[in-house]
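**Q**
Protein chains: 2
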Amino acid sequence: MQNQAILLAKRPVGLPGPDTFQFVSSDIPEPREGQVLIRTLWLSVDPYMRGRMNDVKSYTPPFPVGEPIRGGGIGEVVASRHPAYRPGDLITGDLPWQLYALSDGRGIRPVDPNLRPVTAALGVVGMTGLTAYFGLLEVGRPKPGETVVVSGAAGAVGSVAGQLAKMNGCRVVGVAGSNEKIRYLTEELGFDAGINYKTDDLRSALRDACPNGIDVYFDNVGGPVTDAVLFQMNDFGRIVLCGQIAAYNLERPEVGPRLFPLFVMRRLCAQGFIVSDFARRFDEGLRRLAAWHQSGRLKCRETVVEGFERLPDAFLGLFRGDNIGKLLVKVAEPSQPARA
Amino acid sequence: MQNQAILLAKRPVGLPGPDTFQFVSSDIPEPREGQVLIRTLWLSVDPYMRGRMNDVKSYTPPFPVGEPIRGGGIGEVVASRHPAYRPGDLITGDLPWQLYALSDGRGIRPVDPNLRPVTAALGVVGMTGLTAYFGLLEVGRPKPGETVVVSGAAGAVGSVAGQLAKMNGCRVVGVAGSNEKIRYLTEELGFDAGINYKTDDLRSALRDACPNGIDVYFDNVGGPVTDAVLFQMNDFGRIVLCGQIAAYNLERPEVGPRLFPLFVMRRLCAQGFIVSDFARRFDEGLRRLAAWHQSGRLKCRETVVEGFERLPDAFLGLFRGDNIGKLLVKVAEPSQPARA
Numbered sequence: 001m002q003n004q005a006i007l008l009a010k011r012p013v014g015l016p017g018p019d020t021f022q023f024v025s026s027d028i029p030e031p032r033e034g035q036v037l038i039r040t041l042w043l044s045v046d047p048y049m050r051g052r053m054n055d056v057k058s059y060t061p062p063f064p065v066g067e068p069i070r071g072g073g074i075g076e077v078v079a080s081r082h083p084a085y086r087p088g089d090l091i092t093g094d095l096p097w098q099l100y101a102l103s104d105g106r107g108i109r110p111v112d113p114n115l116r117p118v119t120a121a122l123g124v125v126g127m128t129g130l131t132a133y134f135g136l137l138e139v140g141r142p143k144p145g146e147t148v149v150v151s152g153a154a155g156a157v158g159s160v161a162g163q164l165a166k167m168n169g170c171r172v173v174g175v176a177g178s179n180e181k182i183r184y185l186t187e188e189l190g191f192d193a194g195i196n197y198k199t200d201d202l203r204s205a206l207r208d209a210c211p212n213g214i215d216v217y218f219d220n221v222g223g224p225v226t227d228a229v230l231f232q233m234n235d236f237g238r239i240v241l242c243g244q245i246a247a248y249n250l251e252r253p254e255v256g257p258r259l260f261p262l263f264v265m266r267r268l269c270a271q272g273f274i275v276s277d278f279a280r281r282f283d284e285g286l287r288r289l290a291a292w293h294q295s296g297r298l299k300c301r302e303t304v305v306e307g308f309e310r311l312p313d314a315f316l317g318l319f320r321g322d323n324i325g326k327l328l329v330k331v332a333e334p335s336q337p338a339r340a
Numbered sequence: 001m002q003n004q005a006i007l008l009a010k011r012p013v014g015l016p017g018p019d020t021f022q023f024v025s026s027d028i029p030e031p032r033e034g035q036v037l038i039r040t041l042w043l044s045v046d047p048y049m050r051g052r053m054n055d056v057k058s059y060t061p062p063f064p065v066g067e068p069i070r071g072g073g074i075g076e077v078v079a080s081r082h083p084a085y086r087p088g089d090l091i092t093g094d095l096p097w098q099l100y101a102l103s104d105g106r107g108i109r110p111v112d113p114n115l116r117p118v119t120a121a122l123g124v125v126g127m128t129g130l131t132a133y134f135g136l137l138e139v140g141r142p143k144p145g146e147t148v149v150v151s152g153a154a155g156a157v158g159s160v161a162g163q164l165a166k167m168n169g170c171r172v173v174g175v176a177g178s179n180e181k182i183r184y185l186t187e188e189l190g191f192d193a194g195i196n197y198k199t200d201d202l203r204s205a206l207r208d209a210c211p212n213g214i215d216v217y218f219d220n221v222g223g224p225v226t227d228a229v230l231f232q233m234n235d236f237g238r239i240v241l242c243g244q245i246a247a248y249n250l251e252r253p254e255v256g257p258r259l260f261p262l263f264v265m266r267r268l269c270a271q272g273f274i275v276s277d278f279a280r281r282f283d284e285g286l287r288r289l290a291a292w293h294q295s296g297r298l299k300c301r302e303t304v305v306e307g308f309e310r311l312p313d314a315f316l317g318l319f320r321g322d323n324i325g326k327l328l329v330k331v332a333e334p335s336q337p338a339r340a
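Chains as they are written, first to last, in UniProt numbering: chain Y, 1 to 340; chain R, 1 to 340.
#1: Using a Cβ cut-off of 8 Å (strictly closer), state whether Y/Ala140 contacts chain R.
#2: In the DSSP assignment, the beta strand (DSSP E) including R/Met233 goes from what residue to what residue?
#3: Apart from the five residues on each side of it in sequence, which residues of its chain come closer than 7 Å, Cβ to Cβ, to Y/Glu11?
#4: By alpha-carbon positions, which one of Y/Ser26, Y/Leu318, Y/Arg50 ends up nearest to Y/Glu251?
#5: Against Y/Ala132, what residues of chain R qualify as contacts under a CB-to-CB distance less than 9 Å, listed in chain order?
#6: Please check if any C-beta of chain Y sits within less than 8 Å of the C-beta of R/Ser58.
#7: Who are the Cβ neighbours of R/Ile214 in its own chain at under 7 Å, not counting the five residues just before and after it?
#8: Residues of chain R with CB under 8 Å from Y/Val264, in chain order?
#9: Report, in whole angstroms, the separation of the C-beta atoms of R/Gly135 and R/Ala161, which I expect to be a contact under 8 Å.
#10: From the beta carbon of R/Val255, is the nearest beta carbon of chain Y less than 8 Å away?
#11: Going by DSSP, name the residue or residues bridged to R/Gly75.
#12: Pick helix, strand or coil for Y/Glu306, following the three-state DSSP scheme.
#13: Give the secondary structure of R/Gln35 by DSSP, where H, G and I count as helix, E and B as strand, and everything else as coil.
#14: Run through chain R and tell me which residues come within less than 8 Å of Y/Thr199, C-beta to C-beta.
#15: Taking Y/Thr226 as the query, report the chain R residues whose CB atoms sit under 9 Å from its CB, ordered along the chain.
#16: Give me whichever residues DSSP pairs with R/Tyr217 in a beta bridge.
#17: Strictly below 8 Å CB to CB, what residues from chain R border Y/Ala314?
#18: Among R/Ser44, R/Asp201, R/Asp104, R/Ser295, which one has its Cα closest to the Cα of R/Arg116?
#19: Measure from the C-beta of R/Cys269 to each C-beta in chain Y and report whether the shortest distance is under 8 Å.
#20: Which runs of the beta strand (DSSP E) spanning at least 3 residues fall entirely within the stretch 269-316 of chain Y, listed in chain order?
#21: Count the other CB atoms within 10 Å of the CB of Y/Val157; is the residue buried (16 or more) or exposed (fewer)?
#22: Specify, as a first and last residue, the run of the beta strand (DSSP E) that R/Leu327 falls within.
#23: By Cβ distance, which residues of its chain are closer than 7 Å to Y/Ala340, with the 5 residues on each side in sequence left out?
#24: Any chance the stretch 164-171 of chain Y sits against the stretch 274-281 of chain Y, with 3 or more Cβ pairs inside 8 Å?
#25: Can you check which of these residues, Y/Ala246, Y/Asn212, Y/Pro83, Y/Gln4, is closest to Y/Pro68 by C-alpha distance?
#26: List the residues of chain Y whose Cβ lies closer than 7 Å to the Cβ of R/Ala247, in chain order.
#27: Which residue wins for smallest C-alpha separation from Y/Asp94, given the options Y/Ser80, Y/Arg109, Y/Arg81, Y/His82?
#28: Assuming Y/Leu8 is part of the beta strand (DSSP E), what are its boundary residues?
#29: Are there 16 or more other CB atoms within 10 angstroms of the CB of R/Thr60, so buried, or fewer, so exposed?
#30: Residues of chain Y with CB under 7 Å from R/Gly222, in chain order?
#31: Are R/Lys326 and R/Glu302 close, meaning C-beta to C-beta below 8 Å?
#32: Just to make sure I have the definition right: I need the residues of chain Y whose C-beta is within less than 7 Å of the C-beta of R/Asp277. Which are they?
#33: Starting from R/Gly321, trace the alpha helix (DSSP H) in both directions and tell me its first and last residue.
#34: According to DSSP, is R/Ile28 part of a helix, a strand, or is it coil?
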């Protein structure tokens, strides 16, 4: 048995290609005093990780070249010299793209044993759920009766943001890139309307779907979708800038219509945010998300890609729009049933 | 003696030209019961008035074609059948571009008899002062030690916003379009630095003038100046969108770099506002502005154009950057000393 890792081989320019990633093998390490050895079961791939591949000062440091890529994951403790963990424990947190990894306990925590499925810890009851929760409720502040538009609406964050807006009594319109996604939004998640930005005339579809204009825009995408939405914002509208996936693989910044004259005229507010800005309130958010998830009020489909070796392609699938809901890579089955 | 008016002859496309304005003469009207006859002394020309020349739904209704242009002004009551006004009273408020105008008292109020000069009622102790006051303090919320950049810094609003930021303990950098304006900012108003966007390399000048980055940007201009500032904003920076004069005469919206990816990365917030959003707090603002003005803490130069017939050109001068401080048109001398 060997360990495997996927390193950032070089910084990508534009869309990452095969030369961005390097697979390396090594021996499985032994934990030293204070360490646990984790066997990776699940890894989450998320659009923000593209930013960490660039050498740009940002809210998370860049991945070093020649080091493993890292992201949210779930693992099983297989050996422990750490007082808080025993073999068989399930943990979640920041993990390297490796089959096995050592941890000193920083950045990991036990998975809530009541969570079913455990992968919800990477989605609706994890970072993507928290992102939607704080972004929509604290940044967007939707009021009952308002109209909320969500871009990237069928993704992990967008699908939760839209459901939270519905729970707050809003009219909710999702923008996504396939008819299958639109059906998911309207038939399974209760969105009031969905717009396929690839085939619909975006401006007229928005006018039809938002007869009272748009009060809150939860933006995961940017680019022309965002332009079209902004031109239909109501006075005092709020634009929650959660992500801009349309821009992440551009080799140079794109141009678009200047929107600030519209901001003055309609007193719009655009606010960028990062989930970690709300870290002190994660416990509150996770408690509420877990309760809604458990009661079935909050749904989120998972799109699962099987196999460690498919991590790079699964990651690139985010930019192709492959996923409905949370995109996860299944690395391994747990070796034993999780502790109750 | 005849009355004269300047009507909006047709809606301009791009920069207004001679065919935008029409001079007409008529008899001087007599006030009816409940009316005052006002002789116009001063008229204020302001960039926002360009927006009212378009047929676009906005926060103020468009000027009707064939009707007089209107704006802030100061006048003298020459005849009154209104219980609140006597001949000789000075009033300020929304006035038509006319030598004489009737009013039923709505939209006008007496000029504070302690105000010296009375024209401060159109500037630092009037709408432009209030715009700077609420925009900087309520929208921008600068903290002592932060760096504030103001565009259109030598204009009526920008010059007050910058001084208020200094009073709040900030490092203040003004961007303006001539060396004379820069000297005004740094030598008379106490700005820490000034940048001439027409001759300086904007990005490197901003880096030099803002060694700790930019926390608050008070924007009157938009366009490439704003792009350059935004790329140097600090995390959690606030962008106060007060005006976008660079865009007001464009025949079609300009394109520029898409800035929202930067908003997410640095958690920037851009908020458009209009002074009338704060109407319920005007008394508070005017009281404080008047006190600072009277004590000499708050200065604002006036650029005066003499003659009613020069109103259109004075207005267009705003877009050429002709003015330092408040741009006013002197229409007439008061016929008698103002009442004490």
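No residue lacks a Cβ here, since even glycine has one placed at the ideal position from N, Cα and C.
**A** In short, the structure shows the following:
#1: Rather than Ala, the amino acid found at residue 140 of chain Y in this sequence is Gly. No, because no Cβ of chain R sits closer than 8 Å to the Cβ of Y/Gly140.
#2: 233-241
#3: In the sequence as presented, Glu is not what sits at residue 11 of chain Y; that position holds Arg. These residues qualify, in order along the chain: Met53, Asn54, Asp55, Val65.
#4: Y/Arg50
#5: Taking a Cβ-Cβ threshold of 9 Å, none of the residues of chain R is close to Y/Ala132; the smallest such distance is about 15 Å.
#6: yes
#7: Thr147, Val149, Val229, Gln232, Met233, Asn234, Gly237
#8: Leu241, Cys242, Gly243, Gln244, Gly272, Phe273, Ile274
#9: 6 Å
#10: yes
#11: R/Thr40, R/Ile91
#12: strand
#13: coil
#14: Residues of chain R passing the Cβ test: none, with the nearest at roughly 24 Å.
#15: Arg258, Phe260
#16: R/Val149, R/Ile239
#17: Within 8 Å Cβ-Cβ: nothing; Y/Ala314 doesn't reach chain R, min ~23 Å.
#18: R/Ser295
#19: Closer than 8 Å to the CB of R/Cys269 there is at least one CB belonging to chain Y.
#20: 269-272, 302-306
#21: Under the 10 Å beta carbon count, Y/Val157 is surrounded by 16 or more other beta carbons and is classified as buried.
#22: 326-330
#23: Residue placement at Y/Ala340 cannot be trusted, given a pLDDT of 43 that sits under 50; the coordinates are not used to answer.
#24: Counting Cβ pairs under 8 Å, fewer than three are found: no touch.
#25: The option with the nearest alpha carbon to Y/Pro68 is Y/Gln4.
#26: Arg258, Pro261
#27: Y/Arg109
#28: 3-8
#29: exposed
#30: Arg258, Phe260, Pro261
#31: The answer is yes: Cβ separation under 8 Å.
#32: Arg267
#33: Where R/Gly321 is concerned, there is no enclosing alpha helix (DSSP H), given that its DSSP letter is neither H nor E.
#34: R/Ile28: coil per DSSP, three-state reduction.
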